[in-house]
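Written below as structure tokens is the structure these notes are about.
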Amino acid sequence: MIVRSTADGLVLVTQSAHALLAFQLAEHWGNRITPRPSPRAEVLAAALLHDAGWDHWDQHPQWDEAQGPQGFETWPSGEEREKLWRESLAHAAQRGRYVEYLVGHHVLHLAETYSPNQHQEFVLELRQHLQRLREQLVHEPRFRQILATGQDEVNRHILRVVDALAIYLLRPPTRWEIPEVPLKEGPASLQLIPAGPNLFRLHPWPFVGSRLTVRVEGYCLPTQAPVPKDTWPQLPRVTLAFTLVRLGKSS
Numbered sequence: 001m002i003v004r005s006t007a008d009g010l011v012l013v014t015q016s017a018h019a020l021l022a023f024q025l026a027e028h029w030g031n032r033i034t035p036r037p038s039p040r041a042e043v044l045a046a047a048l049l050h051d052a053g054w055d056h057w058d059q060h061p062q063w064d065e066a067q068g069p070q071g072f073e074t075w076p077s078g079e080e081r082e083k084l085w086r087e088s089l090a091h092a093a094q095r096g097r098y099v100e101y102l103v104g105h106h107v108l109h110l111a112e113t114y115s116p117n118q119h120q121e122f123v124l125e126l127r128q129h130l131q132r133l134r135e136q137l138v139h140e141p142r143f144r145q146i147l148a149t150g151q152d153e154v155n156r157h158i159l160r161v162v163d164a165l166a167i168y169l170l171r172p173p174t175r176w177e178i179p180e181v182p183l184k185e186g187p188a189s190l191q192l193i194p195a196g197p198n199l200f201r202l203h204p205w206p207f208v209g210s211r212l213t214v215r216v217e218g219y220c221l222p223t224q225a226p227v228p229k230d231t232w233p234q235l236p237r238v239t240l241a242f243t244l245v246r247l248g249k250s251s
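Right, dumping it as structure tokens:
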């Protein structure tokens with residue numbers, strides 16, 4: 001769950017809705033300076049499914065008496081977080097081994113970067129599983145080429161970047177920098193710069209065209225009072241739209 005503060009209260013965005021936002025970004029990724037995802041279908045599927053394990057946990061928000069609804073940063077944790085990650089991998093595996101491979105590397109990055117030394121057995125098990133998947137994939141010509149040419153590394157970074165962008169767009173508007181964005185000339189940092197209400201400039205520009213609008217649905221919460229589980233589905237919905245423009249282009 002991502003908790004977004006607005007003038008009218010809170011908007012709660014489920015992780016799968018956030019993943020749809022990431023999917024829209026990945027769908028338009030690539031231009032003359034930015035390598036495109038390949039194989040496209042598998043990378044887009046990974047973007048859409050990278051948080052699929054949250055579906056069970058996001059059926060209703062969790063509450064902290066002092067802070068209100070809890071976001072993904074603090075809940076769940078420990079073994080429950082590992083169970084969630086395993087469920088994401090299981091959803092991805094149903095779509096194909098390379099989809100699972102991409103989601104697995106994304107989960108590995110999350111576990112090692114944001115929860116260092118907290119999931120050591122899980123990380124070791126996941127590394128071994130990813131190695132087995134890679135050994136299977138290299139026997140298929142199209143995946144062998146992707147793994148041998150560096151395109152796999154590009155795909156993994158695309159997934160990482162669109163996930164981060166899809167989170168930052170829902171944060172309070174401030175300047176963000178995302179490292180290791182794959183460009184044809186080598187990795188660079190991506191600047192996300194607020195330019196107005198739900199309007200952002202990006203540099204370098206990674207998408208097709210020079211302007212992109214993406215949308216996500218959330219649940220409106222007028223107060224921070226706990227929502228009974230049986231009334232959560234009846235909360236009013238809102239669509240948030242975010243427009244991204246190339247730095248230097250008139251809005």
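The letter at position 108 of the sequence shown is residue 108 when you use the UniProt record's numbering, and the numbering goes up by one with no holes.
For every residue, glycine included, the Cβ atom is placed at its ideal position computed from N, Cα and C.
Item                                                                                                                                                                : Value
Sort out for me which residues DSSP pairs Gln191 with in a bridge.                                                                                                  : Glu177 and His203
Is it true that the stretch 237 to 246 meets the stretch 209 to 223, where meeting means three or more beta-carbon pairs spaced less than 8 Å apart?                : yes
Are the stretch 86 to 93 and the stretch 33 to 51 touching, with three or more C-beta to C-beta distances below 8 Å?                                                : yes
Please say whether Asp58 and Gln15 have beta carbons closer to each other than 8 Å?                                                                                 : yes
Below 8 Å CB to CB, which residues in the same chain sit around Arg175 once its five sequence neighbours on both sides are set aside?                               : Gln191, Leu192, Ile193 and Pro194
Classify Ser189: buried if its beta carbon has 16 or more other beta carbons within 10 angstroms, exposed otherwise.                                                : exposed
Buried or exposed: which applies to Ile146, given that a residue is buried once 16 or more other Cβ atoms fall within 10 Å of its Cβ?                               : buried
Going by alpha carbons, who is nearest to Ile33 out of Val3, Val181, Glu121 and His139?                                                                             : Val181
Please list, in chain order, all residues of the same chain as Glu217 whose beta carbon is under 8 Å from its beta carbon, the five residues on each side excluded. : Val13, Ala17, Arg237, Val238, Thr239 and Leu240
Please look up how many angstroms separate the CB atoms of Ile158 and Pro39, rounded, as I've assumed it's under 8 Å.                                               : Wrong, their Cβ atoms sit about 12 Å apart, outside the cutoff.
Contact defined as beta carbons within less than 8 Å: I believe Leu110 pairs with Leu130. What is the distance between those atoms, to the nearest angstrom?        : No, Leu110 and Leu130 are not in contact; Cβ-Cβ is about 14 Å, not under 8 Å.
Would you list the residues sitting across from Gly9 in a DSSP beta bridge?                                                                                         : Thr6
Candidates Arg156, Gly96, Asn117 and Glu153: which alpha carbon is nearest Glu140's?                                                                                : Gly96
For Glu125, which option in Arg86, Arg142 and Ile178 has the closest C-alpha, if you only look at C-alpha atoms?                                                    : Arg86
For Val35, which residues from the same chain have a beta carbon less than 7 Å from its beta carbon, with the 5 sequence-adjacent residues on both sides left out?  : Position check: residue 35 holds Pro in this sequence, whereas Val was assumed. Excluding residues within five positions, the ones whose Cβ falls inside 7 Å are Val154, Pro182 and Lys184.
Is DSSP giving Val208 helix, strand or coil here?                                                                                                                   : coil
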